[in-house]
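Participant:
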Amino acid sequence: MATRRSEKRSWAPAVLTAVLALAFAGVLVTIEVGSRRLAAKSRASEAAADATVIRNARSFGDAVVATDDPTPTDERLAVVAESTQVEVREVRRAPDLVVTVYGSAPYGTMFGRVSVDACHRVTFHDLGAARAGADVERLEVCPPPVS
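1018 is the number that our numbering gives to position 56 of the sequence shown; each next residue is one higher, with no gaps.
1) Using CA coordinates, which residue listed in V1098, M1072, P1105 and A1010 is at the minimum distance from F1022?
2) Once DSSP output is grouped into helix, strand and coil, what is the label at F1086?
3) State the start and end residues of the unbroken alpha helix (DSSP H) segment that holds L1059.
4) Per the DSSP calculation, C1081 is bridged to which residue(s)?
5) Smallest Cα separation from G1074: which of V1103, S1007 and I1016?
6) Going along the chain, which residues of its own chain have a beta-carbon closer than 7 Å to the beta-carbon of D1036, five neighbours each way excluded?
7) Suppose contacts are defined by Cβ-Cβ distances below 8 Å. Is R1064 in contact with C1104 by that definition?
8) Need the endpoints of the alpha helix (DSSP H) that A1006 sits in, please.
9) By DSSP, does R971 sit in helix, in strand, or in coil?
10) Would you list the one or two residues that DSSP bridges to R1075?
11) Apply the 10 Å Cβ neighbour rule to V995 and answer buried if 16 or more other Cβ atoms are within range, or exposed otherwise.
12) In this structure, how does DSSP classify V1048 when only helix, strand and coil are distinguished?
As structure tokens, then:
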């Protein structure tokens, strides 16, 4: 009568493979989570910079209205622009005063510093009167700088 010899397999290779697979999956999950956090932080920084550019354009409009001057000169507009951290790109005076301003605000990313650049059209109405005001509208394309 022949006896059968029981074959004992070692579990070590299977356990090692499972541990390596779990470690690899853990590394992938960690990289994905870190990547998502960096992307969210970058988006938040960009949104804050964009809000700064918009706020500066609105501040320009408010500052020009606050001068109580019905027809501010180009020099006066340039002084106000400098104090509100924008640059005058275009001035039209008919029928109402319309000024295009350029603003920029830096923010950091994983690869360095970049900036949000945007132009806004500031349309003034009733300058010099008690009901004076300014409307700010973002432009898709910036006109070239005024020489």
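Think of the CB as a built atom: it goes at the ideal place given N, C-alpha and C, for glycine as much as any other residue.
None of these values were measured; they are calculated from a predicted model.
Facilitator: In brief:
1) V1098
2) strand
3) Element bounds for L1059: n/a, residue is neither H nor E.
4) Y1064 and L1101
5) S1007
6) V1053
7) Checking the displayed sequence, the identity of residue 1064 turns out to be Tyr instead of Arg. Going by C-beta atoms, Y1064 is nearer than 8 Å to C1104.
8) A974 to A1028
9) coil
10) G1070
11) exposed
12) coil
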